[in-house]
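*Asks:* Below is one structure. I have some questions about it.
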Amino acid sequence: MLGKLEKKRRYYASSYALYGEKVPPPGQWRAQLGFPQEAALILEVGCGKGDFSLAVARLEPQALVIGLDRKADRLYAAVRAAETLGLANAYFWQGDALLLEAAFAPGEVSEIWLVHPDPYPKPRQAKHRLTHPRFLRLYHRILRPGGLLHLRTDHQDLWRYSEEQLAMQGAHILWSGIGHSDKPTSPWLTIETDFQRKKGGPTYYLQATWP
Ligand SMILES: C[S@@+](CC[C@H](N)C(=O)[O-])C[C@H]1O[C@@H](n2cnc3c(N)ncnc32)[C@H](O)[C@@H]1O
Numbered sequence: 260m261l262g263k264l265e266k267k268r269r270y271y272a273s274s275y276a277l278y279g280e281k282v283p284p285p286g287q288w289r290a291q292l293g294f295p296q297e298a299a300l301i302l303e304v305g306c307g308k309g310d311f312s313l314a315v316a317r318l319e320p321q322a323l324v325i326g327l328d329r330k331a332d333r334l335y336a337a338v339r340a341a342e343t344l345g346l347a348n349a350y351f352w353q354g355d356a357l358l359l360e361a362a363f364a365p366g367e368v369s370e371i372w373l374v375h376p377d378p379y380p381k382p383r384q385a386k387h388r389l390t391h392p393r394f395l396r397l398y399h400r401i402l403r404p405g406g407l408l409h410l411r412t413d414h415q416d417l418w419r420y421s422e423e424q425l426a427m428q429g430a431h432i433l434w435s436g437i438g439h440s441d442k443p444t445s446p447w448l449t450i451e452t453d454f455q456r457k458k459g460g461p462t463y464y465l466q467a468t469w470p
């Protein structure tokens, strides 16, 4: 069993790791990582051990998939899996979501996924929620016109809060709910993540865009 420090060390040594100067400049993500300009750039914010990003990268081999998390020891599991699978289209970026505006050019990202983000249930913690207005403003700026923001969460209060905040930020909610027959059927919605394996429970799903 590796300790946290050793996991971090191995993460930073991986060719799948993006941090510091390895993070492409704004507007250069596709070019610097060897993808054509028309390739989809799919960003997961708060990817943890990377299950979702890794699965999407396998389902969409033409797309560039970036998993972002602030914890390098969790990202170690992601880069190790990417190495084992020999993936050519997934990278794992150690950083904070607050860096998004400085890291991407406006409209550079095709879609953004938040998969079981931490709910931060106490009111005084609200600014840390990944659907707090300070993050929604960044997503709006870096998403291409019509690009989708997706949220999957087992936390009903976070789901409701996110709906409210998105509406207040001028987003259109295209779908939001749980278990209805008209629920979108993308295979991405059933990708099981580390969090889900540990916690289980029904998953609320919300899909939004800015007009
Ligand atoms: C509950 S875990 C879920 C991880 C993964 N999506 C899953 O479903 O297993 C939430 C993750 O979000 C990350 N996180 C929380 N706030 C963040 C922020 N501001 N920037 C980057 N990552 C963040 C945490 O480090 C944690 O790994």
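Residue numbers (our numbering): 260 to 470. All residues carry an ideal CB built from backbone N, CA and C; glycine is no exception. As the structure is a computational prediction, the values presented were derived from the model and not from experiment.
Mind checking which residues open and close the beta strand (DSSP E) that includes Gln353?
*Replies:* Taken as a continuous stretch (DSSP letters only), the beta strand (DSSP E) holding Gln353 covers 349-353.
*Asks:* Using a threshold of 9 Å, state whether the C-beta atoms of Thr452 and Val324 are closer than that.
*Replies:* No, the pair does not count as a contact, with Cβ atoms beyond the cut-off.
*Asks:* Which residue marks the beginning of the alpha helix (DSSP H) containing Ser421, and which one marks its end?
*Replies:* Unbroken alpha helix (DSSP H) run through Ser421: 415-427.
*Asks:* Looking at the unbroken alpha helix (DSSP H) that takes in Trp482, where does it start and where does it end?
*Replies:* The requested residue 482 is not part of the displayed model; the chain covers only 260 to 470.
*Asks:* For the beta strand (DSSP E) containing Ala364, list its first residue and its last residue.
*Replies:* It is not in any beta strand (DSSP E) - Ala364 carries neither H nor E in the DSSP assignment.
*Asks:* Run through the DSSP bridge pairs and tell me what Val324 is partnered with.
*Replies:* The partner list for Val324 (beta bridge, DSSP) reads Ile301, Ala349.
*Asks:* Helix, strand or coil for Ser445? Go by DSSP, reduced to three states.
*Replies:* Three-state DSSP puts Ser445 in coil, outside helix and strand.
*Asks:* Look up Ile432 in the DSSP assignment and say whether it is helix, strand or coil.
*Replies:* If DSSP states are grouped into helix, strand and coil, Ile432 belongs with the strands.
*Asks:* Rounded to the nearest angstrom, what separates Trp418 and Ile450 at their Cα positions?
*Replies:* Cα to Cα, Trp418 sits roughly 19 Å from Ile450.
*Asks:* Take Pro404 and list the residues in its own chain whose beta-carbon comes closer than 7 Å to its own, dropping the five residues that flank it on each side.
*Replies:* Cβ neighbours of Pro404 beyond the five flanking positions: Gly366.
*Asks:* Decide if the region 329-343 is in contact with the region 286-303; the criterion is three or more beta carbon pairs, one per stretch, under 8 Å apart.
*Replies:* At 8 Å Cβ cutoff, the stretches do not touch.
*Asks:* Suppose the cutoff is 8 Å on Cβ atoms and the five residues either side in sequence are ignored; what does the same chain contact list for Glu297 look like?
*Replies:* Answer for Glu297: no residue qualifies.
*Asks:* Verify the contact flag: Gly305, CB atom, against every heavy atom of ligand 1, threshold strictly below 8 Å.
*Replies:* Checking the Cβ of Gly305 against ligand 1 gives yes.
*Asks:* Residue range of the beta strand (DSSP E) that Pro392 falls in?
*Replies:* First-last for Pro392: 392-401, but that is the alpha helix (DSSP H), not the beta strand (DSSP E).
*Asks:* Under a three-way DSSP split, which group does Leu318 fall into?
*Replies:* Residue state, collapsed to three classes: helix.
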